[in-house]
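Residue numbers (this note's numbering): 6 to 215. The block underneath contains the structure these notes are about, expressed in structure tokens.
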């Protein structure tokens with residue numbers, strides 16, 4: 006085995022140092038992004054890009070998969086479920102508006118888009134006793150048998166209450182997605198496109214209104 010020169014070993018050391026610095030920077034950015042996402046979840050509904058980022062990177066961002074439904078969830082709560090593990094994840098003991106006097110919860114079905122491409126499917130439930138309290142469940146676009154991960158967001162919609170009271174809510178700054186997470190967002194969006202053609206970067210950077 007040939008001995009490595011001091012210069013080569015020095016280059017390796019510098020490369021390893023740069024790699025550790027990059028990893029430390031990524032961990033710092035992920036921690037900051039995670040904190041801001043959780044803060045935003047209290048103040049407003051998440052934007053499409055933010056929802057997509059959580060669904061495709063929830064472990065990196067610091068979300069754990071919950072194995073039990075949330076009982077009497079609180080305002081601003083974000084939870085990740087795997088439907089294969091917790092089929093009854095919507096059994097949260099909250100009185101939701103029912104379907105035409107039936108026992109089934111009425112859920113509004115929505116498709117969230119980035120530049121006219123469906124990337125996330127959602128179902129919205131509305132409080133029966135508290136009309137300002139809502140539950141929004143999200144999963145990646147595709148058939149239910151393909152997408153098992155669900156993001157559930159509970160909020161008491163202050164925006165609606167302020168509008169009813171004739172007040173204006175404060176404007177909140179947008180949250181920037183870390184650059185190294187953009188690849189997973191682009192992959193999820195390309196997969197959702199019917200033609201399978203790569204989407205432009207502007208597709209991912211587009212912001213959906215909350």
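Don't be surprised by glycine CBs; every beta carbon is placed ideally from N, CA and C.
**Study point:** Between the CA atoms of residue 56 and residue 73 - distance to the nearest angstrom
**Key:** 21 Å
Exercise for review: Name the residue from 133, 87 and 82 whose alpha carbon lies nearest to the alpha carbon of residue 105.
Suggested key: 133
Exercise for review: Check residue 70 in the structure and name its three-state DSSP category.
Suggested key: strand
**Study point:** Runs of alpha helix (DSSP H) lying entirely within the stretch 39-122, each at least 4 residues, in chain order
**Key:** 53-66
**Study point:** Three-state secondary structure (DSSP) of residue 29
**Key:** helix
**Study point:** Chain-order list of residues whose beta-carbon lies under 7 Å from that of residue 87 (same chain, five-residue window excluded)
**Key:** 70, 153 and 154
Check your understanding: Mapping DSSP to helix, strand and coil, what is residue 130?
Key -> strand
Check your understanding: With burial defined as no fewer than 16 other Cβ atoms inside 10 Å of the residue's Cβ, what is the status of residue 139: buried or exposed?
Key -> buried
Exercise for review: Let me know the secondary structure DSSP gives residue 138 once reduced to three states.
Suggested key: strand
Exercise for review: Starting from the C-beta of residue 38, find all residues in its chain whose C-beta is less than 6 Å away, skip the five residues before and the five after it, and write them out in chain order.
Suggested key: 183
Check your understanding: Looking at the unbroken beta strand (DSSP E) that takes in residue 186, where does it start and where does it end?
Key -> No beta strand (DSSP E) holds residue 186; DSSP gives it neither H nor E.
Point to revise | Backbone CA spacing between residue 51 and residue 45 [nearest angstrom] | key: 7 Å
Check your understanding: How would you label residue 158, buried or exposed, when you count the other beta carbons within 10 angstroms and need 16 or more for buried?
Key -> buried
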